[in-house]
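FYI, the numbering for the sequence shown is 101 to 1083, going by the numbering used here. Don't be surprised by glycine CBs; every beta carbon is placed ideally from N, CA and C. Small disclaimer: the values here were computed from a predicted structure and weren't measured. Before any comments, here is the structure.
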Amino acid sequence: MDGEGHTGRERLRQPDNGRHRLRFAVLGPVRAWRDGEPVGVGSPQQRALLAALLLRGGQTATAQELVDALWGEEPPQRALAALRTYASRLRKALGAEALISESGGYAIGLGPGTEIDADTAAAHAAEAEKAASGGDRHRARELYGLALAQWDGEPLAHLPGPYAENQRTRLEEWRLSLLEHRLDLDLQLGSHAEAVSELTALTAEHPLRERLRELLMLALYRSGRQAEALAVYADTRRLLAEELGVDPRPELAELQQRILRADEELAQPVEESAPPGTATFVRPAQLPATVPDFTGRTAFVSELGDQLVTAESRVMAVSAVAGIGGVGKTTLAVHVAHAARDRFPDGQLYVDLQGAGPAPAEPEAVLGAFLRALGTPDSAIPDGVEERASLYRSTLAGRRILTLPDNARDAAQVRPLLPGTEGCAALITSRVRMVDLAGAHLVDLDVMSPEEAMTLFTRIVGADRVGAEREAAMDVVAACGFLPLAIRIAASRLAARRTWTVSFLARRLADERRRLDELQAGDQAVKATFELGYGQLEAEQARAFRLLGLADGPDISVQAAAAMLDRAPEETEDLLESLVDTSLLESAAPGRYRYHDLVRLYARTCAERDEDPASERSAAQSRLLDFYLATTARVFALERPGDQVVSHLAATEHPGLEFGGHAAALDWLFTEADCLLACVEQSADGGTLRRAADLLLVAKDLADSGIHSLRYERAATAVHEAARISGDAWAEGRAQIMLTHVNTVAGRSDQADDNARHAMKLARTTGDPVVSGYAPNDRGIIAVFRGRYEDGEVYLNQAIEAFRSYGDLNGEASALCNLSRTHLGLGRTDSAIRLAEQGVALYAKLGMTMRLANGRYALAMALTGAGRTTEALDQLNQALSLFRESRQPMWEGATHLRMAEAYMAARRPAQAATHAEQALAMRVIGWDWRRGNVLMVLGRALDALGQTDRARACWQDALAIFESLKSPDAAEVRKLLSPAVAA
101 MDGEGHTGRE RLRQPDNGRH RLRFAVLGPV RAWRDGEPVG VGSPQQRALL AALLLRGGQT
161 ATAQELVDAL WGEEPPQRAL AALRTYASRL RKALGAEALI SESGGYAIGL GPGTEIDADT
221 AAAHAAEAEK AASGGDRHRA RELYGLALAQ WDGEPLAHLP GPYAENQRTR LEEWRLSLLE
281 HRLDLDLQLG SHAEAVSELT ALTAEHPLRE RLRELLMLAL YRSGRQAEAL AVYADTRRLL
341 AEELGVDPRP ELAELQQRIL RADEELAQPV EESAPPGTAT FVRPAQLPAT VPDFTGRTAF
401 VSELGDQLVT AESRVMAVSA VAGIGGVGKT TLAVHVAHAA RDRFPDGQLY VDLQGAGPAP
461 AEPEAVLGAF LRALGTPDSA IPDGVEERAS LYRSTLAGRR ILTLPDNARD AAQVRPLLPG
521 TEGCAALITS RVRMVDLAGA HLVDLDVMSP EEAMTLFTRI VGADRVGAER EAAMDVVAAC
581 GFLPLAIRIA ASRLAARRTW TVSFLARRLA DERRRLDELQ AGDQAVKATF ELGYGQLEAE
641 QARAFRLLGL ADGPDISVQA AAAMLDRAPE ETEDLLESLV DTSLLESAAP GRYRYHDLVR
701 LYARTCAERD EDPASERSAA QSRLLDFYLA TTARVFALER PGDQVVSHLA ATEHPGLEFG
761 GHAAALDWLF TEADCLLACV EQSADGGTLR RAADLLLVAK DLADSGIHSL RYERAATAVH
821 EAARISGDAW AEGRAQIMLT HVNTVAGRSD QADDNARHAM KLARTTGDPV VSGYAPNDRG
881 IIAVFRGRYE DGEVYLNQAI EAFRSYGDLN GEASALCNLS RTHLGLGRTD SAIRLAEQGV
941 ALYAKLGMTM RLANGRYALA MALTGAGRTT EALDQLNQAL SLFRESRQPM WEGATHLRMA
1001 EAYMAARRPA QAATHAEQAL AMRVIGWDWR RGNVLMVLGR ALDALGQTDR ARACWQDALA
1061 IFESLKSPDA AEVRKLLSPA VAA
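Shown next, in the form of structure tokens:
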């Protein structure tokens, strides 16, 4: 880039001529590389000379200009001689062609292979401006990021001389300007939640820079933190008056007024942020592929298409297609949606709501998936159906989006998913007629006409075969009840068997022993069609079809299926692929398979009717439970080596899968989570109840994950209820400690303590060593949360004794670390550190990963309490890395909170505010209570930075949270707010 002080002489560009490739850095320490290898560029004065030449962009500088640059108004007596010496040394280091002497001065020879980081940054910045002017904000943001990436600390670091000092100031101002442009684009693209943390740190570092304050106000407002946004303005106005005697600039004052008015335009970013790695506007295209042989339904296609057209002039066009299973609702809806895509240029969203299955999709989870598909980052997605639905509707405002909620259970499941804005439309399919869905255009889809049915059958089987036996073909489609799904399956079987005639198939269907009478009624109409496919299966195929349908999970892996069938994985995969060929099973992903929900119901009917002996049904489900328990126990053992829980599990016949390391084990656990937890719920009775409780116990990492926490809680509740009803105190005790963990993580301390109290009582009856250690350990943790440190100390000493009694070093380490926190709360910092160190030493000895992170977390808290903040931050950084590896976002957020506390103890409030904001950005389960704690620390940091109004806004929010939760933490916040409250 052209720097200040250029003489106007032409830049010296040298021909290539085989010269070395040179690269220079000035946006940090001044450095040089030749052909990729570092080159020593000498003393600070020598580097200052190189910098002065580099920042002139190849133009010649006179000797006097360089003397002035290096020494200013008081050069040494032999300045020119020193200058020539420096130049000679640089020429020797860089090559003769790199430093050129001309007219008593010097210049850097800029050949084709020469790169300067400042030039690179300038080029990226120019491209970014061009992209922004052209409306490509994503590309502009990316380019500004590339420009900023050229900086590596303070420009011209440690260089002497007035020129270097002036250039440092100029380059830093340039960096801040680029940063403001990039942050502005972040906000335009909807990344306001992520920007708050960075802007908080920047305003602390540059308190008088009003543009940064303006961007922070906007980011906070768009993140739903209006009070803090207004407090930023109040802090800024006071600071400017005190420091400079001026008022905020008009733009800042106008922004404050717009926030006070709750200006709707201000709340909306220009467009939503693209996912990481995406440089284009997010337009979801989620429609499944339409079938190539779509047949008939002309009137319905026209009717639904006309309804979708009206979306341009209505608040929202909603059509609901109802009909029995297999009638072709999804096929019709997908076909119509594809035909109407051009009318919805901003994208199409699709979801299978699984309304006919045992576990219909939760609207909250669906809304989360939709928001992600529309480009909303995870950190900006709130908890709760109402909050997500509100953000979803706001996100769709001004867009033209078509949604296709397929296979809905009822209107209540669908309502939160409706766009609600002009230009958008929803096309719903369901088995029930949604008369209670206000404003919906209802379509009742019946079976095909005979002509449509014959056309579909002919397209699949082939015109020649059908033409030769047309009357038999009509008998076939009539026997299928003109039901599209039945016709498609029958025709596919016939098409795959060239030796069969149409008449042969018709005779099979005519035999009532092969065709169920229920063809005339509801869902049973599909069974006859499935019977066709099932009747053609070999014995092993039929057995696999029946038994695998008993599993409740959304899909099943080859390994799980092999366990359930008691067959080798290779043989099982062949069986599953053959079932895919018959259309009785779907390939969900490589190595994973699933049933259509109706086919699953039919498979279960077959299992009840045909499985001989009947006990094989329960045996298959028991083998599946064994597989999940044994494999999850292996994951647990890898994550917690030395933990004796695995020695106190119910015996399994399956050995479980083996893993090559932690990453592979965690991949398996999180991939199988839904299936595994479904197996727990399904097994929560009779002879499998204890194994279900054990599976829940070793899968406890899923409770902390955030993604699977609600499903885990549901499974734990099911096991507990089954154990209570059956009077199985052993299983109930284990379920109680899992519910304790769930409620503790969720911030429901009263419920958690009640669970743990019952668990301790049950342990005294059963003598279960696992519950005997876990329950008092959990009660100790809960007591710490409540500030009852004396009680916590009693419980945790009980836990340590219990863990030691059966040699559980992992449990002992956990209890020691928790006991450390009680000592810290009681002011015994020295013993708190010793206890935490003992816990960390045990975890390290056992080779722990995530548990070692928990130990370092506890040790850091004790070190912070002792004022040893440097050591505490080192422990927290190590813990943070381990939590990330273990995929525990809840603990990542908690670690950022503790880092904020450590930085506050070290009197570094700017860094504390940054980490508090990062903790806020990680929305996890139990969020309200944790948010209150983070806001309390953030308020302290902001108060220390002089941002008192924003600090009080944080404390007011924290107080409201704690009061709603009836948390004792409210008292501490009231003390912080006491001057404001009194006023």
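Beta bridge pairing from DSSP links residue 132 with 124 and 139. In the three-state reduction of the DSSP assignment, residue 1067 falls in the coil class, being assigned neither a helical nor a strand state.
Rounded to the nearest whole angstrom, the C-alpha separation of residue 184 and residue 154 is 17 Å. In the assembly as shown, residue 190 is a buried residue. Its beta-carbon has 16 or more other beta-carbons within 10 Å. The beta-carbon distance between residue 1051 and residue 1062, rounded to whole angstroms, is 16 Å. This is too long to meet the 8 Å contact definition. Judged by DSSP in its simplified three-state form, residue 858 adopts helix. Remark: C-beta atoms of residue 939 and residue 955 approach each other more closely than 8 Å.
Between residue 575 and the set 602, 363 and 971, the nearest pair of CA atoms involves 602. Between the segment 440-449 and the segment 548-558, the count of Cβ pairs shorter than 8 Å is below three; the stretches do not touch.
A Cβ-Cβ distance of about 5 Å is found for the pair residue 418 and residue 526, placing them in contact under the 8 Å criterion. As summarised for the segment 685-747, the continuous beta strand (DSSP E) elements at least 3 residues long and confined to that stretch are 686-689 and 692-694, given in chain order. Cβ atoms of residue 537 and residue 497 stay farther apart than 8 Å, at about 22 Å. When DSSP reads this structure, residue 448 sits in a beta bridge with 385 and 502. Of the residues 893, 204 and 906, the one whose Cα lies closest to the Cα of residue 920 is 893. Residue 389 and residue 846 have their C-alpha atoms some 40 Å from each other. Counted as a single uninterrupted DSSP element, the beta strand (DSSP E) harbouring residue 526 occupies residues 525-530. In the displayed model, residue 395 falls within coil according to three-state DSSP, outside both helix and strand. Bridge partners of residue 508 according to DSSP: 530. Here the C-alpha atom of residue 170 lies approximately 44 Å from the C-alpha atom of residue 975. Buried is the label assigned to residue 993, since at least 16 other Cβ atoms lie within 10 Å of its Cβ.
Around the beta carbon of residue 842, a 10 Å sphere encloses 16 or more other beta carbons of the protein chains shown; the residue is thus reported as buried. Residue 909 sits away from residue 923, with the two beta carbons spaced by 8 Å or more. For a cut-off of 8 Å, the C-beta gap from residue 244 to residue 281 is around 5 Å, short enough to register as a contact. For residue 906, no alpha helix (DSSP H) segment is defined, and its DSSP state is neither H nor E. Excluding five sequence positions before and after residue 673, the CB atoms of its chain that fall closer than 7 Å to its own CB belong to 658, given in chain order. Pairing residue 877 with residue 914 gives a Cβ-Cβ distance under 8 Å.
Going by beta carbons, residue 815 and residue 459 fall outside the 8 Å limit. Here DSSP, grouped into helix, strand and coil, assigns residue 541 to strand. Beyond the five residues adjoining it in sequence on each side, residue 726 comes within less than 8 Å, by CB distance, of 663, 752, 753, 754 and 791 in the same chain, given in chain order. Of the candidates 768, 643, 869 and 265, the residue whose Cα lies closest to the Cα of residue 705 is 643. Straight across, the Cα-Cα distance linking residue 544 with residue 721 is about 38 Å. The Cβ atoms of residue 466 and residue 517 lie closer than 8 Å to each other. Here residue 398 is exposed: its Cβ has fewer than 16 other Cβ atoms, across all protein chains shown, within 10 Å. About 47 Å separates the beta carbon of residue 148 from that of residue 1053, a gap too long to meet the 8 Å contact definition. Here the segment 824-838 makes contact with the segment 850-862; the two share three or more CB pairs at distances below 8 Å. Residues 900, 903, 904 and 942 of the same chain have their beta carbon placed closer than 7 Å to that of residue 912, with the five preceding and five following residues left out of the count.
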